[in-house]
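What follows is a single structure, written as structure tokens, with notes after it.
Residue numbers (my numbering): 66 to 553.
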């Protein structure tokens with residue numbers, strides 16, 4: 066193991082690939098021990114140098130002021146001038162900002178024939194007409210420029226790759242240079258991903274600047290549902306008593322109205338996870354083929370199911386916390402005292418209502434089970450957990466248990482409503498209770514799922530997904546159909 070004096074011991078002190086791993090892969094063995102150059106002395110350059118050295122490479126750092134920067138790097142790393150560093154290696158990481166590329170022009174002759182790995186990023190998406198890597202290639206036409214390591218942070222380089230951030234996107238016009246950088250990334254413990262030619266550098270540089278791109282639509286959907294249900298519950302629980310009974314119920318706005326809204330959003334969002342699958346199955350049954358492309362809106366919907374499901378779990382978890390906090394409110398204590406005084410004034414010795422007791426027991430039990438299933442779905446959607454499951458296990462949890470969670474949530478909602486849906490006093494401004502509205506989409510999904518599991522429908526859908534097409538195989542006998550499926 067390579068020991069670097071002056072560096073803290075911890076995760077960094079353990080190579081991501083040990084000597085045994087390197088020796089077992091002959092393609093990686095030649096890369097270990099080679100000298101790698103770095104131009105730059107910032108945070109990323111220091112983290113990169115440390116990770117390279119713990120992976121078995123020799124590192125030479127080129128700096129404009131080597132004496133000042135020597136103490137910032139591991140003592141085993143050679144810190145020297147930029148020109149001297151460029152002469153000692155054929156692979157050089159350019160860890161400087163785009164604005165400072167021009168300062169390297171004095172090294173044009175020294176860098177000729179070298180592989181330059183551009184690790185820079187922009188401050189804004191599409192800030193320049195050409196990518197940083199293409200701009201660097203135009204400044205040094207005698208060099209081979211490779212774009213890579215820009216999606217890896219300095220923290221990741223220090224702590225080592227983790228399950229959520231171990232991919233290194235690489236692009237280059239020269240296959241041999243791309244292979245060299247790919248080997249270096251593999252020895253460092255990362256997973257290189259070939260993104261093609263250098264023209265892909267602009268897209269790679271935009272990736273770190275995007276703020277949760279896959280979450281934009283699901284978050285807006287959740288906020289839209291929350292605002293709609295919150296307004297609906299506000300009208301029923303606060304505005305109606307104020308207008309018709311002259312009662313001030315505005316104290317319900319911060320907690321009770323929110324707590325009435327969160328389960329509505331969670332329940333509908335959960336049903337929206339499985340509704341696109343129902344629509345996709347209907348689409349395939351209608352056209353009798355799996356080879357017809359889904360509409361763009363349905364395709365986007367299918368791709369956002371994970372985010373929609375996690376937001377559903379988030380709202381359900383908040384609902385559980387809010388529900389536990391309801392008895393802590395001062396208003397709840399006053400209501401209990403008023404109810405006790407009223408019971409004494411009416412000379413009631415027993416307020417026990419058997420039906421209400423059973424309803425609440427069943428309602429809470431279903432709620433706990435639904436939240437537990439949603440927690441399991443959320444945990445298994447994490448990359449570190451999902452990667453440890455095979456496809457059948459992952460499909461069983463996300464599809465079968467997910468559908469069971471939807472059914473249990475429906476039972477939770479039905480036991481909450483009980484017979485109150487038929488009580489005319491529950492209709493404020495002629496508006497039905499909010500839970501009756503939330504049942505529309507989930508019940509549609511449940512009934513559609515049951516329909517698709519009918520033997521005749523299920524068999525036809527399975528044949529379509531195995532490659533059967535309406536109009537093409539209708540005249541084939543069963544043996545020919547089986548041979549056609551096997552041929553595919």
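Even for Gly, the Cβ is constructed at its ideal location relative to N, Cα and C.
So if DSSP puts residue 127 in a beta bridge, which residue, or which two residues, is it bridged to? 104, 145
Tell me which residue opens and which closes the alpha helix (DSSP H) that residue 306 is part of. 305-309
Span of the alpha helix (DSSP H) around residue 209: Segment 209-212 is the beta strand (DSSP E) holding residue 209; no alpha helix (DSSP H) there.
C-beta contact flag for residue 259 and residue 282 at 8 Å: no
Rounded separation between residue 411 and residue 405 - CA only: Their Cα atoms are separated by approximately 10 Å.
Measuring alpha carbon to alpha carbon, tell me which residue in 314, 500, 528, 111 is nearest residue 400. 314
Give a yes or no on whether the C-beta atoms belonging to residue 292 and residue 212 are separated by under 8 Å. no
How would you call residue 356, buried or exposed, if buried means at least 16 neighbouring beta carbons within 10 angstroms? exposed
Given this structure, state the Cα-to-Cα distance separating residue 535 from residue 197, to the nearest angstrom. In a straight line, the C-alpha of residue 535 is about 51 Å away from that of residue 197.
Residue from 221, 175, 216, 238 whose Cα sits closest to the Cα of residue 202: 238
Name the one or two DSSP bridge partners that residue 181 has. Beta-bridge pairing links residue 181 to 157, 210.
Say whether the segment 355-372 touches the segment 316-333, bearing in mind that this needs 3 or more beta-carbon pairs closer than 8 Å, one atom from each stretch. no
Between residue 216 and residue 189, what straight-line distance do the alpha-carbon atoms span, to the nearest angstrom? 15 Å
Could I get the ranges of all uninterrupted beta strand (DSSP E) runs contained in the segment 238-315, with 3 residues as the minimum, in chain order? 256-259
Quick check on the burial criterion: 16 or more other C-beta atoms within 10 angstroms. Buried or exposed for residue 423? exposed
Closer than 7 Å: is that where the CB of residue 388 sits relative to any heavy atom of the ligand FAD? Absence of the ligand FAD from the depicted structure is noted, as is the absence of any ligand whatsoever, leaving it without description.
Own chain, CB closer than 6 Å to residue 274, minus 5 neighbours either side, in chain order: 190
Reduced DSSP secondary structure (H/G/I, E/B, other) of residue 493: strand
Look at residue 142 and residue 160 and say whether their C-beta atoms are less than 8 Å apart. In this structure, the beta-carbon distance from residue 142 to residue 160 does not fall below 8 Å.
Close Cβ partners of residue 138 (< 7 Å) along its chain, the five nearest in sequence each way excluded: 111, 114, 126, 144
Through-space distance from residue 470 to residue 507, alpha-carbon basis: 11 Å
Residue nearest to residue 208 in terms of C-alpha spacing, selected from 176, 192, 460, 233: 176
Roughly how many whole angstroms lie between the Cα atoms of residue 487 and residue 284? 34 Å
Please give me, in chain order, every unbroken run of the beta strand (DSSP E) with length at least 3 that falls completely inside the segment 405-480. none
According to DSSP, what are the bridge partners of residue 233? DSSP output for residue 233 lists 257 as bridge partner(s).
Is the CB-CB distance between residue 320 and residue 380 below 8 Å? no
Helix, strand or coil: which one does DSSP assign to residue 168? helix
Could you check the C-alpha separation between residue 533 and residue 521 for me, to the nearest Å? 15 Å
Helix, strand or coil, according to DSSP, for residue 338 in the structure here? helix
On the CB-based measure, 16 or more other CB atoms within 10 Å of its CB, does residue 341 come out buried or exposed? Counting C-beta atoms within 10 angstroms of its own C-beta, residue 341 has 16 or more neighbours from the protein chains shown and is therefore classed as buried.
Extent of the continuous alpha helix (DSSP H) run through residue 486: Residue 486 -> no alpha helix (DSSP H), and no H or E assigned at all.
Any idea what DSSP makes of residue 529, helix, strand or coil? helix
Rounded to whole angstroms, what's the CA-CA distance from residue 450 to residue 438? Just pull it up for me. Residue 450 and residue 438 have their C-alpha atoms roughly 16 Å apart.
Alpha carbon to alpha carbon, how far is residue 241 from residue 210? 12 Å
Is DSSP giving residue 535 helix, strand or coil here? DSSP places residue 535 in coil when its eight states are reduced to three.
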